[in-house]
Amino acid sequence: MTATTDGSTGAVGPRAPSGNGTTETTVPPGGDPIRVAAERATARSVEHLLGRQDAQGWWKGDLATNVAMDAEDLLLRQFLGVQDARTTHDAGLFIRGEQRADGTWATFHGGPGDLSATVEAYVALRLAGDRPDDPHMARASQWVREHGGIARSRVFTRIWLALFGWWKWDDLPELPPELVFLPKWFPLNIYDFGCWARQTIVPLTIVSAKRPVRPAPFALDELAGPPQAGGRAARQAPLASWDGVFQRLDRALHVYHRLAPRRLRTSAMNAAARWIIERQENDGCWGGIQPPAVYSVIALHLLGYDLDHPVMRAGLESLDRFAVRRADGARMIEACQSPVWDTCLATIALADAGLSPDHPALVKAADWMLGEQIARPGDWEVRRPGLTPGGWAFEFHNDNYPDIDDTAEVILALRRVAHPDRRRMDAAIERGVRWNLGMQSRNGAWGAFDADNTSPFPNRLPFCDFGEVIDPPSADVTAHVVEMLAYEGKAHHPDTRRGIEWLLAEQETFGGWFGRWGVNYVYGTGSVVPALTAAGLPTSHPAIRRAVSWLASVQNEDGGWGEDLRSYRDEAWVGHGATTASQTAWALLALLAAGERESKAVERGVAWLAETQREDGSWDEPYFTGTGFPWDFSINYHLYRQVFPLTALGRYVHGEPKALTALAGTRKGS
């Protein structure tokens with residue numbers, strides 16, 4: 232529900248529900264066939280999504296990434312000596328099933344073979360009992376050798392190999408634990424890193440200092456590439472360049488590793504351990520994501536924490552909760568879990584598709600989301616001291632790192648629900664809005680987890696050769712916050728206007744916006760256009776018209792939209808790729824917000840969604856349309872293919888959530 236200025240209530244996006252609370256699909260004879268198809272598809276999708284809700288009120292789809300997660304899980308178990316036959320067999324079944332015909336493993340569906348993923352998957356299958364001369368293994372090792380061998384793999388892969396003596400610690404970049412002593416204003420202090428990197432790097436400083444080597448269960452000579460210098464002995468960049476400066480800094484740190492005062496080093500490792508333990512969540516994990524949990528367990532074990540210690544026991548138990556067992560028995564590891572994100576998106580989709588605001592499923596979802604609001608400070612407070620907590624995180628348990636994106640979308644979802652405890656909901660939303668406003672960066676935009684996390688130095692470290700390690704503002708997150716603020720009556724608030732100005736300045740010359748957390752320009756554009764129109768920009772605005780023209784120009788022949796992850800590296804892929812349900816929906820959300828409901832582009836997109844829907848109301852989508860790090864770490868959110876098409880179809884059938892839009896700019900604080 233939303234509050235009007237006179238204190239009464241109005242349901243967001245009122246719909247005329249059928250007797251069972253779902254969208255009515257009966258239309259007069261001779262009606263528009265595309266509308267008829269859209270209504271039927273909407274009704275089927277509503278029923279499908281309702282059937283997937285947990286009894287507690289949340290939704291969660293699988294979060295698929297790549298086999299490195301599964302390989303590293305087996306390597307961790309080998310390192311700790313806690314492997315078991317069933318886990319090893321089931322993980323091997325999954326990893327084997329993801330191998331491509333050329334012997335490689337990719338990091339996303341349809342993508343090229345990835346050297347590091349292939350090395351890690353190969354080693355994991357050796358742990359699972361596969362022989363080097365098995366045909367599938369021989370193909371993999373040959374490909375690895377042809378592409379430079381282990382020496383060309385990423386730093387994290389070589390760290391895992393160093394744990395068993397398959398790579399030399401001296402040939403890895405140095406990461407001293409004394410990093411934790413750097414003051415918060417000093418370059419390269421731990422808070423200069425994005426929260427996901429920070430949680431991983433702190434435990435890895437202990438691992439780097441300890442340099443453990445467990446007995447290798449087998450040799451890996453078959454993965455050696457051509458004779459070459461690896462690691463630190465590789466070609467040096469000119470001293471006058473930043474790369475040259477950081478390479479030489481790494482050389483100096485290797486010298487320091489041998490000379491570090493023992494008492495200082497011990498004190499630093501103990502301080503890092505305290506930092507780690509203080510951030511362990513109630514369920515035993517760290518930050519709700521798998522990699523920090525893995526490295527934290529290793530680090531604490533190296534410092535003498537027994538596997539039966541409560542911290543270690545909880546950490547190991549949390550790792551099992553990242554496992555998804557499939558019908559064929561295969562065991563897949565999720566990098567993290569997305570219940571808050573999935574639940575708020577599902578709530579928005581169902582409400583916009585015509586579900587009554589007081590439908591029990593929506594009320595139950597709102598109840599669960601209200602219970603997930605975070606009331607304690609976290610690492611974000613380093614840059615925003617004194618700001619009152621009030622955000623939401625992405626996962627089940629992650630009180631240290633609420634994120635700005637989830638908070639904005641949860642508020643948009645809650646405003647669509649006629650919750651019986653109006654006072655409780657209004658208070659929660661007020662806290663969330665205040666926290667989001669307080670997390671605005673100096674440039675007027677919003678990052679995902681921290682404010683002003685924009686240092687240029689962390690990404691230049693030789694250690695950081697894989698993905699983003701900082702959290703600068705992005706167009707998609709900023710758009711979601713602007714949209715939420717507009718619907719909260721703050722379209723003309725100075726902070727909202729600064730966000731709008733930043734978004735307009737970030738538009739690409741061709742008309743799209745970069746997508747940081749979704750692939751790619753289709754996602755960014757699908758996020759920004761609805762935000763700008765919600766904030767009051769007319770659909771005739773030049774930025775909106777450029778976006779519309781670009782989306783129309785990249786529509787696929789089948790009527791849908793798709794964008795390959797290679798668009799992050801190759802301009803030829805921008806806006807191009809196999810059609811997917813989620814990306815088609817993102818394009819439609821932008822076009823519908825831009826007033827293009829009657830356009831041929833929208834009709835063709837809606838028709839594609841209706842025609843490709845499965846009988847059970849769902850859609851297939853093997854392609855990865857989410858990102859952790861653009862290009863380097865890709866995500867297939869299994870619920871994206873359900874919630875976004877339903878949102879787009881619902882808005883096509885019922886229009887934009889007009890009751891919500893009508894209140895924008897009239898609520899208190901506008």
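Note that the working numbering has the sequence shown beginning at 232, numbered continuously upward. Think of the CB as a built atom: it goes at the ideal place given N, C-alpha and C, for glycine as much as any other residue.
Check the Cα spacing between Leu-840 and each of Leu-822, Gln-814 and Val-805: the tightest is with Gln-814. Taking 9 angstroms as the cut-off, the beta carbon of Ala-778 is found closer than this to the beta carbon of Thr-756.
A Cβ-Cβ contact shorter than 9 angstroms links Phe-387 with Ser-347. Per the coordinates, the alpha-carbon of Leu-533 lies some 15 angstroms from the alpha-carbon of Val-313. Collapsing the DSSP output to three states places Trp-623 in a strand. Annotated three-state conformation of Gly-859 is strand, per DSSP. Around the beta carbon of Trp-792, 16 or more other beta carbons lie within 10 angstroms, which makes this residue buried. Its chain contains Pro-620 as the residues whose beta carbon lies nearer than 7 angstroms to that of Pro-608, once the 5 sequence neighbours on both sides are disregarded; these appear in chain order. Considering only Glu-802, Arg-691, Thr-856 and Glu-827, the residue with the shortest C-alpha distance to Phe-424 is Arg-691.
Of the other Cβ atoms in all chains shown, fewer than 16 fall within 10 Å of the Cβ of Ala-558; this residue is therefore exposed. Membership of Val-753 in the alpha helix (DSSP H) is indicated by the continuous run 752-765. Distance from the Cα of Leu-734 is smallest, within the candidate group Arg-505, Ala-766 and Glu-699, for Ala-766. Judged by DSSP secondary structure, Met-368 falls outside any beta strand (DSSP E) and instead within the alpha helix (DSSP H) spanning 366-377. Counting of Cβ neighbours within 10 angstroms places Leu-490 among the exposed residues, the total staying below 16. By the CB criterion at 9 angstroms, Ile-579 and Thr-878 fall inside the cutoff.
Of the candidates Trp-611, Pro-616, Pro-414 and Arg-646, Trp-611 places its Cα closest to the Cα of Asp-634. Proximity to Ala-639 across Asp-630, Glu-661 and Phe-627 peaks at Glu-661, based on C-alpha coordinates. Under the DSSP definition of a beta bridge, Gly-344 partners with Ala-337.
With contacts defined by Cβ atoms closer than 9 angstroms, Ala-566 and Leu-294 form a contacting pair.
In the structure shown, Cys-426 adopts helical secondary structure according to DSSP, grouped into three states. Taking Ala-503 as reference, the option from Ala-440, Pro-522, Asn-513 and Leu-538 with the minimal CA-CA separation is Ala-440. In the three-state reduction of the DSSP assignment, Cys-695 falls in the coil class. Counting the other CB atoms within 10 Å of its CB gives Ser-771 a total below 16, which places it among the exposed residues. Closest by C-alpha distance to Asn-674, out of Ser-705, Leu-356 and Pro-264, is Ser-705. Taken atom to atom, the span from the alpha-carbon of His-711 to that of Phe-745 is near 14 angstroms. Here the region 538-548 makes no contact with the region 449-459; the two share fewer than three CB pairs at distances below 8 angstroms.
Here Gly-288 carries a coil assignment [DSSP, helix/strand/coil].
Counting C-beta pairs closer than 8 angstroms gives fewer than three between the region 526-542 and the region 645-658, which falls short of the contact rule.
The beta carbon of Asp-345 lies closer than 8 angstroms to those of Asn-297, Thr-335, Trp-336, Ala-337 and Thr-338 in the same chain, with the five residues before and after it left out. Taken in chain order, the complete alpha helix (DSSP H) segments of 4 or more residues contained in the region 431-459 number zero; there are none. With respect to the C-alpha of Gln-430, the residue from Pro-414, Leu-822, Glu-512 and Ala-355 having the closest C-alpha is Glu-512. Taken through DSSP and simplified to helix, strand or coil, Trp-517 comes out as strand. The straight-line gap separating the alpha-carbon atoms of Asp-361 and Pro-448 is approximately 13 angstroms. Gly-881 is positioned such that its CB atom lies closer than 9 angstroms to that of Gly-585.
No residue range can be given for Arg-614, since it is assigned to no beta strand (DSSP E) and is classified by DSSP as neither H nor E. Taken through DSSP and simplified to helix, strand or coil, Leu-294 comes out as strand.
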